[in-house]
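Mapped onto this note's numbering, the consecutive letters of the sequence shown carry residue numbers 290 to 345.
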Amino acid sequence: METFGRGCLYNIVFVAVMMVVAFIFQANINIPFFIAIPVVLGLFYLAHVRTRDKNR
């Protein structure tokens, strides 16, 4: 459960950073699915690794 929460947090932070970048450049950022899905999976994998290392 901790891994899921951490993964959600990382995804929320990623979206917030992308919103700040869009606000700074005053532009729309369109991320296609073939880029967004690996990013989301990568963030959840990062959360899994961080949780696994914490429990050791």
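C-beta: ideal position from N, C-alpha, C; glycine also.
Query                                                                                                                            : Result
Would you give the residue range spanned by the alpha helix (DSSP H) that Pro327 belongs to?                                     : Phe322 to Asn344
Give the secondary structure of Met290 by DSSP, where H, G and I count as helix, E and B as strand, and everything else as coil. : coil
To the nearest angstrom, report how far apart Leu332 and Met290 are at their CA atoms.                                           : 15 Å
Considering only their Cβ atoms, is the gap separating Val328 from Phe303 smaller than 8 Å?                                      : yes
Could you compute how far the alpha carbon of Asn340 sits from the alpha carbon of Leu298?                                       : Before going on, a small fix: residue 340 reads as Thr here, not Asn. Cα-Cα distance, rounded: 13 Å.
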